[in-house]
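K.L.:
In the numbering used here, the protein residues as written are 5 to 142.
Even glycine gets a Cβ: it sits at the ideal position worked out from N, Cα and C.
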Amino acid sequence: MHGICSKPSARIDFRGYSDADWDGDLTDRKSTSGYVFMLLGAPVSWVSKKQPSVSLSTSEAEYIALSLAIQEGKWIHRLLCEIMAAANEDGPDLMVREENLSCIKMTKNPVNHGRAKHSDIKYHHIRDEVKRGEVKLE
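Given below as structure tokens:
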């Protein structure tokens, strides 16, 4: 049998992992974003992509990668919640793991951090997602 199976009473385990390789390309010094989303221990979505601009710090590169991961995670999360609602079950939480503590602090504190104040506004949606409780970071 192939596919993703779970016990009827088990809570659906859905989580993402986000990371960045800061300054990894020696020709243009752009960082690489990466994420993977796991559903019941199996990968369901993943990407490794060069960032559009040069990041000035590891924290900024991680912040950009986290932004991309959360966008993808929200789409998958909505799909899972619709499927679970049809089965009269609660959808899973959206949990994203990020190992860079400075990046996590930037998402939880709306104060302009020195490392993020120059970041493009399009990445700051992370703060709203965390504040509303739609995304949990570890």
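What runs of the alpha helix (DSSP H), each 4 residues or longer, lie entirely inside the region 63-109?
P.N.:
Runs found: none.
K.L.:
Relative to the C-alpha of ALA65, which candidate in GLU103, LEU98 and LYS78 has its C-alpha closest?
P.N.:
Comparing Cα positions, the closest option is GLU103.
K.L.:
Just tell me which of SER35, PRO96 and MET110 has its CA closest to the CA of LYS53.
P.N.:
Residue SER35 is the option with its Cα nearest to LYS53.
K.L.:
Under a Cβ-count criterion, where at least 16 other Cβ atoms within 10 Å of its own Cβ denotes burial, should SER57 be classed as buried or exposed?
P.N.:
Its Cβ having fewer than 16 others within 10 Å, SER57 is exposed.
K.L.:
Please identify the residue among SER63, TYR67 and SER22 whose C-alpha is closest to the C-alpha of GLY38.
P.N.:
That would be SER22, whose Cα lies nearest to the Cα of GLY38.
K.L.:
Which same chain residues end up closer than 7 Å to LEU72 when comparing Cβ atoms and leaving out the 5 residues on each side of it in sequence?
P.N.:
Excluding residues within five positions, the ones whose Cβ falls inside 7 Å are SER37 and TYR39.
K.L.:
For MET110, which option in ASP132, GLY20 and GLU86 has the closest C-alpha, if you only look at C-alpha atoms?
P.N.:
Of the listed residues, the one whose Cα sits closest to MET110 is ASP132.
K.L.:
Starting from ARG131, follow the alpha helix (DSSP H) in both directions and report where the run begins and ends.
P.N.:
Per DSSP, ARG131 belongs to the alpha helix (DSSP H) from 129-135.
K.L.:
Does DSSP put THR111 in a helix, in a strand, or in coil?
P.N.:
In the structure shown, THR111 sits in a helix (DSSP, three-state: H, G or I).
K.L.:
Taking the continuous beta strand (DSSP E) assigned at LYS34, which residues delimit it?
P.N.:
Per DSSP, LYS34 belongs to no beta strand (DSSP E) and is neither H nor E.
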